[in-house]
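Here the protein sequences come in this chain order: A and B. If you're matching positions, the first sequence starts at 1 in this note's numbering and goes up one per residue. If you're matching positions, the second sequence starts at 1001 in this note's numbering and goes up one per residue. Everything below concerns the one structure shown next.
2 protein chains.
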Amino acid sequence: MKEKIDLLGAGLIGSLLAIYLKKRGLDVNIYEKRQDWRKIKKKGEGRSINMALSDRGWQALEKAGIKDKVLPFTLPMSGRRIHDEHGSTYFQPYGKENQAIYSISRNAFNEILLDEAEALGANIHFNHKVERVNVSKREVEFCLENGEEKRMTSDVLIGSDGSFSALRNAFQSQLRFNFYQKFISHGYKELHIPATPSGEFAMDPKALHIWPRGKFMLIALPNLDKSFTCTLFLPFEGYKVSFENIYDDQDVVKIFKTYFNDAFDLMPNLLADFKNNPTSSLINTECYPWTENNALLIGDAAHAMVPFYGQGMNCGFEDCFILDNLIEKYGTSSWDLVFEKFQKTRKPDTDAICQLAMDNFVEMSDDIADPNFLIRKKIEAKLHELYPEEWQPLYSMVTFSDMRYSEAYAIGKLQAKIMDEVMKDPNVTKNWNSLDYEAILAKVVTSGAV
Amino acid sequence: MKEKIDLLGAGLIGSLLAIYLKKRGLDVNIYEKRQDWRKIKKKGEGRSINMALSDRGWQALEKAGIKDKVLPFTLPMSGRRIHDEHGSTYFQPYGKENQAIYSISRNAFNEILLDEAEALGANIHFNHKVERVNVSKREVEFCLENGEEKRMTSDVLIGSDGSFSALRNAFQSQLRFNFYQKFISHGYKELHIPATPSGEFAMDPKALHIWPRGKFMLIALPNLDKSFTCTLFLPFEGYKVSFENIYDDQDVVKIFKTYFNDAFDLMPNLLADFKNNPTSSLINTECYPWTENNALLIGDAAHAMVPFYGQGMNCGFEDCFILDNLIEKYGTSSWDLVFEKFQKTRKPDTDAICQLAMDNFVEMSDDIADPNFLIRKKIEAKLHELYPEEWQPLYSMVTFSDMRYSEAYAIGKLQAKIMDEVMKDPNVTKNWNSLDYEAILAKVVTSGAV
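Quick look at the structure:
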């Protein structure tokens, strides 16, 4: 029996999920509110947000059989290159020598996935804006481009429609639904560093560049066309350097010259970009349940996180991977069972990564510029070198493994507690290399965490 | 200059607020989605939810000049009467001898307030269901009884439209708005104990009756017609005694005979009530900001709490009282200023009472039947007797004072910590009366809390 399944949202998660579902022989329709962006691009090309693909994402792409098509569109970043206020930079590797995260343009990536889903037979309906969902009837009301209304009743309905999910809104008003949304105090703005006049990268392309400045920061990720997409994170208000205090070009120039002078020199279009690009906000959402009556939330619709661990997309892809494993195991005769298993196993993990992403803003914007933090990282690196299995850095567990996020979170908490103790040693800066590393590790082992 | 102000929702909070605003000479319109329930009553009279009015509520009514009109409709309850499983009861006073909380029918109460608001010149528009609010334009779209649409643009807009506030929904989707909603694991059902055949109260009318049974409970409040309105709180699922496990009349009878046998004997209409009355859920919501662009959330719209501290309405009335104090102080030339001051001062207090209400379910349904809890209460009562200013029970600070909820909460936490220590004494059951009370109090004083 061929089964019919409807997805809301043709973004990264919806497209990858459609690929998985088509490969299971299902009849897949995707409804997307935007027009088909593949047809209207060409003018602003390359000017899109970058995503950082890491192991969980790759694993999901590999299972979907699309890894090799994606790889040519990515650039490996093997560490952070940190820019201090004087223009000096230094490099912090993310993991071992062969480990990296991969920069990829969101638009290009979405196109690859969408093309593949379509090639496999998924029907994509653009210009379908969800107006209303009746969860108990699984009935969706769309508003089309011409203002016309259209109704659809689904057998199985999946909301892969992002942070402001229409399906989740329906859950919120129609179910006994626990929901939490928090906008953080910071917003962001996309900026751009073009290739040099001779057509080269203006900075080291094998790193994610960070200008950490405490309460604010700038980051930059490389693009295939040898430009960088930059993101400026500032508080909306309440601080000297904040969006509310930027009135005109002079303010922008002043902030960049004061705090990001080396980047400023590489940004000929700074003022125009600053004016034309919107200031966007950052939201964290958590909710439960994710499923009701053969309808399911997935990806950002179920758990939108702030971008500071680079895991939002990877986590959404892992959602698809896990859901597909469950379909493999339980079949498609009871979607309620599959969806129920999915939310039960997955929820603790997405809670953990949401929390880690929130916590990581402090690390990215502040800690990484702190000498003590560097010593701490050195000690942790040495622990990992001496005991590669027993002490894995939290960042590696999250980024370079498929360990459950909740497990990584718990181990990370324990490691942090142990490291807090270690860092109390007043001589740690001098003798960090000759500490009793066996004794430090023993604390992990006796806790039963490993 | 006469100013125009629009309220959404003509419930208890909206009606009281309208009285305050009329008394300030403003032009007040209330839009209410229900029809005018004053015209359609008479048949189910007396069968409404009861509210428990306490000091904060009375203070607000007094300032609005309506206290004397309300008083005749109330019945004082000076304590809890606790029913054990064998039909024995005992009485726990809520406070000092002259202190009580007051039972009043929600419908009757709403009528008094609405009549008064109307008498003062407020215009009440019934059958106005909010379809959509545009916050930045302060534009409200209503759907009328006949299906017609109607638009209104407000100068000043206040959402007193309860736990599922339409204005709050608009805030949620249109602002950088932090929002949290949680449904607790329990639901409730209204039941009824009529007057005796001879026209008397079937139980002590000067108490709030509680049948605490750990994970569930029954409560009853007296009505003017000598009946009691009862509320059964059960988990929805996951326990033997839960709504999901009640399939038929026999299950209802079995639960009542097993756990509430003395109440069962007083409930001739139990089975019909159980069948006809809905099973309702309980929600806690917290959000911020409460105000934007001359629009404000107030009462349950800003902070819906579970009913276990009997403070939902009292807190909403206190909101009105505080808002009116701010209007008194700052005038009406800048509503944004008044609303901003209101949310800043009030938010920590509503957070505190939301948390206390959540915590109090455990006390009401479980602790109060525990011998250790009774000893604990005796020690606290004695502390209060010896040091009436320095040690006030948390319940009294919340219920019989106008101390800020956040302050009561903080003091309550400190007291709980001290009492946890005191209760560690293995002989406390025997020697509770001869403890070193001065030493116990000293812990409060040295903490700087008093």
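Glycine included, C-beta positions come from ideal geometry on N, C-alpha and C.
query: Taking DSSP as the reference, what is the three-state secondary structure of Y461(A)?; result: The question about residue 461(A) has no answer here: the residues shown for chain A are numbered 1 through 450.
query: Enumerate, from N- to C-terminal direction, the unbroken beta strand (DSSP E) stretches of 3 or more residues contained entirely within the region 1065-1118 of chain B.; result: 1075-1077, 1079-1083, 1089-1093, 1101-1105
query: Compare the Cα-Cα distances from E407(A) to each of D425(A), M358(A), T446(A), D351(A) and report the closest residue.; result: D351(A)
query: Can you name the residues that DSSP bridges to W211(A)?; result: L218(A)
query: On the three-state DSSP scale, how would you describe L17(A)?; result: helix
query: Scan the region 1259-1282 of chain B for residues whose Cβ lies nearer than 8 angstroms to a Cβ of chain A and list them as they occur along the chain.; result: S1281
query: Evaluate contact between the region 171-190 of chain A and the region 286-300 of chain A, counting only Cβ atoms and requiring at least three cross-stretch pairs below 8 angstroms.; result: yes
query: Per DSSP, which one or two residues make a beta bridge with F1142(B)?; result: V1130(B), K1150(B)
query: Along chain B, in chain order, which residues have C-beta atoms closer than 9 angstroms to that of N178(A)?; result: Y1180, Q1181, K1182, F1183
query: Flag this pair as yes or no: are the beta carbons of G1310(B) and A1119(B) separated by less than 8 angstroms?; result: no
query: Roughly how many whole angstroms lie between the Cα atoms of D1265(B) and A1202(B)?; result: 10 angstroms
query: If contact is defined by three or more beta carbon pairs under 8 angstroms, each pair taking one atom from either stretch, is the region 1057-1067 of chain B in contact with the region 1319-1326 of chain B?; result: yes
query: Restricting to Cα atoms, I'd like to know which of I1158(B), A1010(B), Y1020(B) is closest to E1111(B).; result: A1010(B)
query: Locate the alpha helix (DSSP H) running through A439(A), then write down its first and last residues.; result: 437-447
query: Write down the C-beta distance between R1080(B) and I1193(B) rounded to the nearest angstrom, noting that I regard them as a contact closer than 8 angstroms.; result: The Cβ separation is near 16 angstroms, so there is no contact.
query: Beta-carbon within less than 6 angstroms of L1157(B)'s beta-carbon, same chain only, minus the 5 sequence neighbours each way: which residues are those?; result: D1006, R1138, A1295
query: What's the C-alpha gap between C1354(B) and F1317(B)?; result: 15 angstroms
query: Within 10 angstroms of the Cβ of H86(A), are there 16 or more other Cβ atoms? Answer buried if so, exposed if not.; result: exposed
query: Excluding five sequence neighbours on each side, which residues of the same chain lie with their C-beta closer than 6 angstroms to the C-beta of N277(A)?; result: K189, E190
query: Quickly, what does DSSP pair I1158(B) with across the bridge? List them, please.; result: L1007(B), L1296(B)
query: From the DSSP output, in three-state form, read off G1187(B) for me.; result: strand
query: Look up S281(A) in the DSSP assignment and give the residues it is bridged to.; result: G187(A)
query: Cβ atoms of Y1031(B) and F1164(B): under 8 angstroms apart, would you say?; result: no
query: Sort V135(A), T196(A), F183(A) by Cα distance to L167(A) and report the nearest one.; result: V135(A)
query: If distances are taken between C-alpha atoms only, which option among G299(A), S401(A), Q35(A) comes closest to N146(A)?; result: Q35(A)
query: Is it buried or exposed for A263(A), if we count other Cβ within 10 angstroms and need 16 for buried?; result: buried
query: On the DSSP bridge list, what partners appear for K182(A)?; result: N284(A)
query: Would you give the residue range spanned by the alpha helix (DSSP H) that L991(B) belongs to?; result: Beyond the ends of chain B as shown, which are 1001 and 1450, falls residue 991(B); an answer cannot be given.
query: Would you kindly report the start and end of the unbroken alpha helix (DSSP H) that includes L1326(B)?; result: 1312-1330
query: Does DSSP classify A416(A) as helix, strand or coil?; result: helix
query: Consult DSSP for I40(A) and reduce its assignment to one of helix, strand or coil.; result: coil
query: So, using beta-carbon positions, are L1221(B) and F1228(B) closer together than 8 angstroms?; result: yes
query: Which same chain residues end up closer than 8 angstroms to K495(A) when comparing Cβ atoms and leaving out the 5 residues on each side of it in sequence?; result: Not covered by the structure: residue 495(A). The range shown for chain A is 1 to 450.
query: May I ask you to check if the CB of W1290(B) is nearer than 7 angstroms to at least one heavy atom of the ligand COA?; result: Questions concerning the ligand COA fall outside what the structure shown contains, since it holds no ligand whatsoever.
query: Since I believe D366(A) is in contact with G214(A) (beta carbons under 8 angstroms), could you give me their beta-carbon distance rounded to a whole number of angstroms?; result: 5 angstroms
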